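Under UniProt numbering, the residue at position 164 of the sequence shown is numbered 164, and the numbers go up by one with no gaps. Note that CB positions come from ideal geometry on N, CA and C, so glycine has one too. Because the structure is a prediction, the values reported are computed rather than measured.
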Amino acid sequence: MGSFLSVSKVQMEEITAGLQDSGVRFLLVAREGSWKLKHGYGGEGLVVPWCDQLRVLCHPSIGGFWSHCGWNSVKEGIFAGTPFLTFPLCADQNLNSKLIVEDWKIGWRIKKHQFTRGEISSLVKKLMDLESDDEVKQMRARAKELQKECLQAIERHGSSESNINSFIHSILQFNDH
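What follows is the structure in C-alpha cells.
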C-alpha cells in the first residue's frame with residue numbers, strides 16, 4: 001500500500017478475507033503488524049513485511065497486481081506486463097489509477113471506502129481466471145503490449161536513450177550561449 005500510507009484495520013480485514021476466500025495464491029506485503037496477518041491462510045497466502053516488488057512482479061507465476069498506484073509501482077507493474085486491481089489512497093494515485101483503468105484499460109479500480117470481502121474475492125478470482133471472459137483476456141493482452149513498448153524503449157537506440165541524448169544535447173547547447 002505504499003511506503004507511508006496504510007488502510008484501516010477493517011479494510012485490511014476485508015482485503016485479507018477476500019484474498020483468502022478467492023482461493024487464489026497470493027503474496028501480501030503488509031508492513032505494519034504483518035505478523036498478525038500470517039495466521040489462518042493455509043497454503044494459499046504468504047504475508048511479508050517487504051519484498052523486491054519488481055522482481056516479484058516479473059516472476060512468471062504472477063497474474064495480477066493489487067496496487068495503491070504510486071507512480072513507481074505503476075511503472076513496475078507495466079514493465080512486468082501485469083494487469084492491476086487499483087486501490088488509490090490519495091494524491092496522484094487517483095490519476096494513476098485513472099490511467100490504468102480508463103485510458104490503458106489494464107485494470108479495475110476497487111472502491112476505496114465501500115468494499116466487502118465478497119467483492120474482493122470475486123474481482124481477484126475474475127482477474128486470475130485465465131479462461132475468463134474477453135474483457136480480462138483483452139486487459140491481459142494490453143498489459144503485455146505495454147510491457148513490449150517498455151522493453152523496446154529501453155533497448156539500445158530506443159526512445160529512452162534518444163530522449164536522454166536529446167535532453168543532454170539541449171543542456172549542452174544552452175550552456176554554450
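With a threshold of 16 other CB atoms inside 10 Å of the CB of residue i, please say whether the residue is buried or exposed.
i: residue 175; result: exposed
i: residue 170; result: exposed
i: residue 167; result: exposed
i: residue 152; result: exposed
i: residue 88; result: buried
i: residue 149; result: exposed
i: residue 14; result: buried
i: residue 135; result: exposed
Out of the options, state which residue places its alpha-carbon closest to the alpha-carbon of residue i.
i: residue 70; options: 111, 82, 113 and 92; result: 92
i: residue 182; options: 61, 159, 162 and 123; result: Nothing can be reported for residue 182: it is not among the residues displayed for the chain, which extend from 1 to 177.
i: residue 78; options: 172, 147, 173 and 7; result: 147
i: residue 8; options: 62, 112, 72 and 131; result: 112
Measure the Cβ-Cβ separation of residue i and residue j and say whether it is below 7 Å.
i: residue 22; j: residue 105; result: no
i: residue 141; j: residue 81; result: no
i: residue 139; j: residue 24; result: no
i: residue 109; j: residue 86; result: yes
i: residue 246; j: residue 61; result: Any answer about residue 246 is impossible in this case: the structure gives the chain only from 1 up to 177.
Original post:
Are three or more beta carbon pairs between the stretch 11 to 30 and the stretch 46 to 56 nearer than 8 Å?
Top reply: yes
Original post:
Taking one C-beta from the stretch 9 to 19 and one from the stretch 102 to 121 each time, how about it: are there three or more such pairs within less than 8 Å?
Top reply: yes
**OP:** List in chain order: all unbroken alpha helix (DSSP H) runs of 4+ residues lying wholly within the stretch 79 to 158.
**Re:** 92 to 98, 117 to 128 and 134 to 154
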